[in-house]
Structure formats: structure tokens, C-alpha cells
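If you're matching them up, the sequences are chains A and B in order. Reading the first sequence from the start, the letters are residues 189 to 660 in the numbering used here. Reading the second sequence from the start, the letters are residues 22 to 497 in the numbering used here. Here's the structure, in C-alpha cells; my notes come after.
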Amino acid sequence: MLTDYIALLPEIILAIGILILSVVRIFRHSNTPKTFYSLSRVFIFISALATALFYNQNIGNYLHNNSFTTLFKTLMYLFAFIICYLSAKRFVSKNMPSFAFYFTLLFNLLGFSIAISAYNLALLCGGLGMTFITNVILIKIEKPQEERRHVLYYLALSFAVFLTMLIGVVGLHYYLHTFNYNEIEKFLEVRSNLIWQHHFSFACIIGSILLMMGVAPFHFWFSNVVGKCILPVAGYLSTVPILVYFSCLVNICVNAFYPLLGWFNTVFIIFGILSIFIGAIGANSENNLRKIFAFSGLYYIGVMLLVLFPINDNSLMSSFTYMLVYIVAMCGIYTIFYGYRSKGKYMFNLDDIKGVATQRPFLSAALLVFMISLIGTPPLLGFLGKLSVINSLVIGHRFVLLAVILFSMLILAYAYLKIITVVYFEPRDNTFDIVDKGVYWWMFINVVIMLLAVINPKYLMHDVELMLVAVF
Amino acid sequence: MIENPNILLTILMSVPLLGILFAAISKESPESAGSNVLSVGILTVVSNLIVLYITGQTTADSTPALQLFEKFEWLSTPKIEFLFTIDSFSLSLLAAVHLAILLGLIGVHNNTYRQKTQVIFALLFLEMMTGYLLAADLFSFYIFFEAMLLPLFMLVGMLGDVHRQDILYRFFLYNLLGASLLFMALCILFNYQNVNIQDISKAVLSHNLEIIVWGAIFIAFLSRIPIWPFHYWISSINVNISNPLVFIIANILPLTGVYGLIRFFPLTAPDIIEPYLLALEIISIVTMVVIALIGFSNRDIHYKIFSYMTVYYILYLLGALLPTDALLSNIGFSIFSWLIIVAAIEIIVAHLEKERQSTSLPERGILSNLKCASFILSFFILAAVGLPLSSMFLNNMFIFAGLLTYNLKMALFILFAIVLSSINLLQHLFYLKYSNNDSAENTNSISDIPPSVIVALSVAMALTIISFINPLWYME
Chain A
189 MLTDYIALLP EIILAIGILI LSVVRIFRHS NTPKTFYSLS RVFIFISALA
239 TALFYNQNIG NYLHNNSFTT LFKTLMYLFA FIICYLSAKR FVSKNMPSFA
289 FYFTLLFNLL GFSIAISAYN LALLCGGLGM TFITNVILIK IEKPQEERRH
339 VLYYLALSFA VFLTMLIGVV GLHYYLHTFN YNEIEKFLEV RSNLIWQHHF
389 SFACIIGSIL LMMGVAPFHF WFSNVVGKCI LPVAGYLSTV PILVYFSCLV
439 NICVNAFYPL LGWFNTVFII FGILSIFIGA IGANSENNLR KIFAFSGLYY
489 IGVMLLVLFP INDNSLMSSF TYMLVYIVAM CGIYTIFYGY RSKGKYMFNL
539 DDIKGVATQR PFLSAALLVF MISLIGTPPL LGFLGKLSVI NSLVIGHRFV
589 LLAVILFSML ILAYAYLKII TVVYFEPRDN TFDIVDKGVY WWMFINVVIM
639 LLAVINPKYL MHDVELMLVA VF
Chain B
22 MIENPNILLT ILMSVPLLGI LFAAISKESP ESAGSNVLSV GILTVVSNLI
72 VLYITGQTTA DSTPALQLFE KFEWLSTPKI EFLFTIDSFS LSLLAAVHLA
122 ILLGLIGVHN NTYRQKTQVI FALLFLEMMT GYLLAADLFS FYIFFEAMLL
172 PLFMLVGMLG DVHRQDILYR FFLYNLLGAS LLFMALCILF NYQNVNIQDI
222 SKAVLSHNLE IIVWGAIFIA FLSRIPIWPF HYWISSINVN ISNPLVFIIA
272 NILPLTGVYG LIRFFPLTAP DIIEPYLLAL EIISIVTMVV IALIGFSNRD
322 IHYKIFSYMT VYYILYLLGA LLPTDALLSN IGFSIFSWLI IVAAIEIIVA
372 HLEKERQSTS LPERGILSNL KCASFILSFF ILAAVGLPLS SMFLNNMFIF
422 AGLLTYNLKM ALFILFAIVL SSINLLQHLF YLKYSNNDSA ENTNSISDIP
472 PSVIVALSVA MALTIISFIN PLWYME
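Here it is as C-alpha cells:
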């Protein structure tokens, strides 16, 4: 019984963190933007430590921790920590209140931590649904009154998603009388048991997770939100949640809905192909840098979906590698966006960063490295992702999908070439502010990680593979 | 004697990387005007040339087989090992590429615009070319094949004077498409027949897979060579480039296509693509003749050099496609001199163009009062057209004899294209040297080639002559 509580330590720490943040906000009047960052980073760090310590402790039949969940949670905390640090730079430089951001960040991490470990549909629904709704707070930060219409729109959407998921979960419980993954799987394995309501519930749950991920044709909200919110929120939404949704999708598909996956496989392929095309074409149609990368994110999610299903250890490894490469690159790109600042304003349009390479050569070189990595060009880390994806498709004899991915990559590469052209080949219009040393440090660490990972990936990948297969 | 000569391959690939690092952190003041970083670049290339010389001394020239081996396990699942090796053919090409880029770097010594950037990307390109010419396994071969596109794109985009960005984008995307096709084919080969490059043409695949794999590999390599329908983007890029270093690097790129075909199919192409080879040969010869004719009618020296290079690239390609590997060494020796000659011509032409622009004098007769430039350009153009001044003389004869043996009609068309492209260069040399008296008097205001460049070009001249006397002078 005691171990049950100890295994909950990461979540308890995050809950205490939320509480302390609220107390400080209410009772301490001399708060600075840095106050909440300082508190949040402590709780994120301790929580990550506790996750690593109790990596294999279960909490009854509700939360199962294993190497798979620990891998995703550790990555989640790591990227959240980076975003937390970079966001502080932004709030301090603008001297804007940071409570809402850090409060929601901790709340989201708590929800995500529960969702990743969840072995129970109700907990999954609660964890993911609540975090998706509370993103409204993030989107609302520093938003003028006249621009709040799209916040309401997001609120309505998030409630609709939550309700859809809830319908699926309640529907399954109504017929199966259980929320437990294992029991659901056992029931679904008997084909004669299956009725259309099971399929409907399954579609509701998976559909809502895909919508949260922003998979096409449910992609419409993501690029709008990322393009209009403040930089820390855009950076957060482009990295951490994707990691979590991916983990939840895999966990639920492997441990609860495996018997139904064959029925849904075509849908995954259609969604994957749609995401790839819309992502690649959408990135070319945009002038807003964050939207360009939001659409390119859609492309990567599409590829992940195509490779992931049907799920096996090889496809899981490939799609995970691809996702990790994408998230590392996105983290690096958003770090660079913190450095592209002119007269105190963060640049987000393509025209704003004309010729920036002449004044900020190191940042621009890093941007080049990340974008080339995203194209999958060797010898950068992106090549590792491309290799695992293409190899997986070749092994599965899926040559048509391979052709689709390669063709779309060329379309997406065109969007990146436009950015490179603007950054390097065009004359500079703006004078850029001095870049914070912290931005340079993170950028340097990120580039070093990319280089080290690609020089000798075998040890890293071997351990990651062992952790990933723990989900089966 | 070196205890473990295999380490030389690692050194060869590490030196350009170190050079990039030093170039990136080198400090430049307004007084130095980019000379520090250029010195780093030149020193890096010279250092690697010394390593290449030592490598040549370590390897035996009597065996055409691969000699030094360096292995590195990169990934365990799937099991991928990088293998690097060298033979006399790749050694010749490596030396030629290094010398050409060295001449290019010397050629831009007074070009202060983005000096650091051009040196870094030039060294990056050199690193990728070195890796590509040393690669002996499927994946490292592909890695360097694709990776060299980035430095080239950046160099052409920043310093190539290509005003239409869509041409630049197309240039990158066509090449990326070719590289992606190669990657797909290599992944299939890796999963079905995990072989090294030497044995690749012996791989046994199903009929459909054979079509996909060999078709993709052929398109990938051909996309780098300026034959129809790929000639357009290469010519659109090349004729606009005024920076000699970028021009040289851009014109080294097609070498990767020829080299790839030679490495993948040293003796015979797989049966499945045999019927298409005739079509490819016809297209190649038509392209050769057409580009030589366009070069003849075009007054732009850059287009003439491009047309000359294209004709020779296709000559080497057709030589490589013959069902024999007897010509392999001849192609390597010929390319060695050929690349040095073209790089030297481009440097002098770029110098003349710069002087012409600063003095607003006509191009005709510009060489009349420039003794050094005139002599060196004459030497290299005469060597380029095939006079006994370089290793091209004898080795081109062997290649041509090989082509004559296999297909007489084809060889006659090739001869026509070669003669025409040679006339193009001679015609332009005449145009630059001789003029009416009025313009000749005004050329006094033009300065001759700087002494440092004269020294470099003299060394290049000496090397081409030595290569004529003994093509294997750098090997033990």
C-alpha cells in the first residue's frame, strides 16, 4: 500500500507545486516574473527525479509505470524544463506576469503524467481532457480583449473534444463494465462480442486523441493557435503535448484496443496521408514562421501515423525516432526564435528576419542545421529518423506510402528553402537585439546533442528500443 | 612507414572538419579583410593534399583493388557499418578535387564579400566529396552523396549571382529528389541483399524490385550529370556564377554522378536496365552535340567552359558505361588533369572579368598586354583541347579508342562534340588575345594576375605536365 503512494510521488510533487504557486500568487505581493519560474523549475526537476526513481511501481490497476512510461515522462519533463527556462527570459525581458503560464504548465504536466501512466480509461480521459481544456489559459495570456474570439472558439472546441472522449469512455464502460485496459482488451479479443457501439466508442476515443494531436482533417485549430499565441506557449504546444499524445495513443492501442486496430488501420493511413499533404502544402502557403513550423509538424505527425500502424516493435521504434528528431529540432527552432528579436519584439513573420544571418550568424547557422535535419538530410540527426521510417516502410513492402512521403518531403523542403533564402540570401532590413546568453547555451546544447546522437547512435538507440518494447 | 596506414583515411576526413572549426572561430578585423579565414582554408586543403600524398605513397599502384580499410559500426538495429576505402582511381579524383578547390580558394583571395562563409561552405563541400570518394558501403555513400547539396546550395545562393530564386530551388529539389531515390533503392538493397558497393550489380532481386532499384539508382546518378532532361538546371545555375570558387565547386558536382555509376556498375549494368542503355547513350550523345553547338554560338565564356565540361563529363560517362573496367584508370588520370585545367582557366577568366568590369574595357583583346595571364591561359586551354601537356592527352586517346572499338558511329559523334567544344575554347582565347589597335592600347590600365596566383597556377601547370610524363607520380 505504501509503495502505491510512493509511486504517486511525481504527481504529488506537481500538485504541491501548483498549490505553492497559487499560495505565493495570492499572499506574496512582491512577485517578479522570475518568481514563478524559480518555483516551477524546482518542482519539475524533483518530479522528474521521482519518476526516474520509481520507474516500475504501479498504483493498483489504475496507473502502470514501466520503462516505456518512464521514457516518455522523462522526455516530457526535460522539454518542459527547457521551455520553462526560455519562457522566463521572455517574461523577464518584457516584465510581464508569468503566473498563468507556469501554473498551467505544472497543471498540464500533472495531467500528462497521469495520462501517460494511465491503465484506466477514466484516468486517461481526465488527464488528457482537462489539460486540453486548460490550454485556454495559455492561449489567453497577454491577449487583447478584441482578439479573444478565437480563445472562445478554442474553448468550445476543447469542450467538444473532451465530451467526445467522454462519450467513448462512458459508452465502453456501459457495455463492458470496466475502465481497465487489460479487461477491455480481453473482451474485445472475442470477435463475436463486438457490436457497432464498441467500434463507435473506440473511434470517439482515438478520434479525440488524434484531434488533440492536430492530425488532419482535425488540424484546423493547431496552426491558428500556435500562430497567434505568445512565444512560450507556441514553443510548449509544438513540443511537449505531441510527445504525450503519442505515448498515450501507443499505450491505449497496444494495451486496450489492439483487437480493433485492424479495423481502423485504413483510417490511420488516410489521416496520415492527409496530414502529410496538408502539412507540406500548408507550410508553403504561410508567411508566419510559427505557422510554417506548425504545418511542418503536421507533416511529421502524418509520417509517424503512417509508420506506426500496424503497431509492432519495429514500427514503434521508427515512429518514435522520427518524433524525437522532430521534437528536438522544434525545441531548437523555438530556442532560436527567442534570439530573433528586434526592438524588444519577437519576430514571427518571414519578412521580419530578412538577412538576419549577417547579424546573428550563429543563430542562423543553428536554424539551418535544424531545418536541414528536419528534411532528413545526412549527416544530421534527422537522417536517423528518415532512415528508420524508410527502412520500416521497405520492410513492410509499403512502397506507395514511401513514394508519398518522399514526394511530400520535397514540397516541404521548398518551404524550408524559402526560409533559408530569406535568412541568408536577402539583404537585412531590421536591426536585431542582443541575444541572451541563455539562448545561446540552450542552442549550443541542442546542437551538441544532435551531433553526438548522430555520430554514435547505437548505444542510445539500443537502450531506447528496450524501453519502448516494455509497452507490449 | 606508418604502422597503421588505415588511419590515413580517418585523417583525410577529419582535416576538413578541423578546418571548418578553425575557420568558424577565426577572428577577422577590417584590416585583415578575410585573409585569416582564407589562410585557414588554404592551409586545410594543403594539409589534406599532403595526407593524400602520404596515402598515395602507402598504397601500391600495381593493384587497382581497394587497399586501405576503415570500418565503423554506426547502428546496431538495423546493423549498419560504415566502410571507407581507397584505390588509385579514387585517389586521383580526390587529389584533383582538392587541387581544384585549392585553386578556387586562391582565386578568391581578393574577394572580401562573405569570405568566412564561402571558406566554411567550401571546406564542408570538400569534406563531403572526400567522404563520398572514400565511401565503400551503401549508407556512407548515400550520406555524402546527399550531404554535399547543402554547402553547394548555400554557396550558389549567397555568392553565385543567381537572381532567380526559383532556379536555385529547382536545383536543390531536383538533386534532393535524386538523392531520395538513391536512398530508397539503397534501403531496398540493404534489406534484401546486404552487399557492399563492389558487389551491388550482382544482387539478386525480384523483377519488380529490380526495376525500382536500378531505375532509381540510374536516375539518381544521371540527375547530377547535365544530360537531357537534367541539363537545364545545371546550365541555368552555372552560367550565372561569377565567383571562381563557387563555379569550380558547382562544376565538380556532376563528377559525383559519373563516379557513382562507375562505382556501382564497374563492369556491366544489371540486365534489367541493359535495354535502356542504348537510349541513354543516344540521349547522351545528342546532349553532347547540342550543348557543344550552343557553346559555339554563345559568346559567354562561362557557357563555353560549361559546354566543354559537359562534353567531357558525358565522354567519361560513356567510357564508364562500356562493358570493361580497363578504362577506369584512364578516366581517373584524365579527370585529374582535366579538373585542374578547368579550375585554372576559370580563375584567369574570373580575374579578367573583374578587371574588365573595373576598367569598363571591351573583352576583345584584353589579354594583349597581360603577359602572364596570356601565357598561363594559353597553356591551360591548349592542354584542355588535348595537346600533349597533361595526362588528358594519352588517357583520352585510350578512352576514345575504347569507344571506337564498341561503337564506331557513336564515337564519331563524340569526336565531333569534343572538337567543337575545343574550338569554342580556342576561339575565345583568340578573341581575348587579339584585337584592333585602339582597344589594345587601353589595356595598359589592366593589372596582370597577382604573384601569389601566378605561383599557384605555375604549380598547377607543373602538375599537369608531370601527370603527362607519369600519371602515377604520386604513388609509390
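Every residue, glycine too, gets a C-beta built ideally from N, C-alpha and C.
- Remark: C-beta atoms of residue 203 of chain B and residue 156 of chain B do not approach each other more closely than 7 Å.
- When C-beta atoms of the region 178 to 185 of chain B are compared with those of the region 157 to 169 of chain B, fewer than three pairs fall below 8 Å, so the two segments do not count as touching.
- Annotation: the continuous beta strand (DSSP E) that includes residue 107 of chain B extends over 101 to 107.
- Residue burial annotation: residue 654 of chain A is exposed, with fewer than 16 other C-beta atoms found within 10 angstroms of its C-beta.
- Residue burial is scored here from C-beta neighbours: residue 158 of chain B has at least 16 other C-beta atoms within 10 angstroms and is therefore classed as buried.
- Taken in chain order, the unbroken stretches of alpha helix (DSSP H) that lie wholly in the region 156 to 228 of chain B and span 4 residues or more are 159 to 168, 170 to 180, 186 to 213.
- The bridge partners DSSP lists for residue 251 of chain A are A:247, A:306.
- Beta-bridge pairing by DSSP links residue 91 of chain B to B:105.
- Among the CB atoms of chain A, one or more fall inside 7 Å of the CB of residue 190 of chain B.
- Within chain A, no residue has its CB atom less than 8 Å from the CB of residue 60 of chain B, the nearest being about 20 Å off.
- The DSSP-derived three-state label of residue 336 of chain A is coil.
- Taking a Cβ-Cβ threshold of 8 Å, none of the residues of chain A is close to residue 235 of chain B; the smallest such distance is about 15 Å.
- For the C-beta of residue 620 of chain A, not a single chain B residue is nearer than 8 Å; the gap to the nearest is close to 18 Å.
- Annotation: residue 220 of chain A to residue 467 of chain A spans about 39 Å, alpha carbon to alpha carbon.
- Counting along the chain, the unbroken alpha helix (DSSP H) around residue 392 of chain A starts and ends at 384 to 401.
- For the C-beta of residue 613 of chain A, the chain B residues within less than 7 Å are, from N- to C-terminus, 178, 179.
- Excluding its 5 nearest sequence neighbours in each direction, residue 431 of chain B has C-beta neighbours in its own chain below 7 Å: 302, 306, 424, listed in chain order.
- For residue 614 of chain A, no alpha helix (DSSP H) segment is defined, and its DSSP state is neither H nor E.
- Closest in alpha carbon position to residue 320 of chain B, among B:291, B:385, B:128, is B:385.
- In this structure, the alpha-carbon of residue 200 of chain A lies about 24 Å from that of residue 276 of chain A.
- By the criterion of a C-beta distance shorter than 7 Å, residue 283 of chain A is surrounded in its chain by 221, once the five residues flanking it on both sides are discounted.
- Looking at the DSSP output, residue 534 of chain A shares a beta bridge with A:529.
- Annotation: the continuous alpha helix (DSSP H) that includes residue 582 of chain A extends over 569 to 583.
- Shown in chain order are the members of the region 641 to 653 of chain A whose Cβ falls below 7 Å from a Cβ of chain B: 645, 646, 649, 650, 653.
- Annotation: the continuous alpha helix (DSSP H) that includes residue 302 of chain B extends over 295 to 318.
- Beta-bridge partners of residue 57 of chain B (DSSP): none assigned.
- Restricting attention to B:484, B:295, B:470, B:200, the CA atom closest to the CA of residue 222 of chain B is found in B:295.
- The Cβ-Cβ distance between residue 288 of chain A and residue 321 of chain A does not fall below 7 Å.
- Closer than 7 Å to the CB of residue 464 of chain A there is not a single CB belonging to chain B.
- Within a 10 Å sphere around the beta-carbon of residue 566 of chain A sit 16 or more other beta-carbons, which makes this residue buried.
- Closest in alpha carbon position to residue 278 of chain A, among A:651, A:227, A:524, is A:524.
- Neighbours of residue 103 of chain B in chain A, taken as residues at a C-beta separation under 8 Å, are lacking, since the least C-beta distance is about 10 Å.
- Taking a cut-off of 8 Å for Cβ pairs, the region 341 to 349 of chain A and the region 366 to 384 of chain A do not touch, as fewer than three such pairs fall below it.
- Counting only the Cα atoms, residue 338 of chain B lies some 42 Å from residue 486 of chain A.
- Between the alpha carbons of residue 65 of chain B and residue 199 of chain B lies a gap of roughly 31 Å.
- The C-beta of residue 171 of chain B comes closer than 7 Å to at least one C-beta of chain A.
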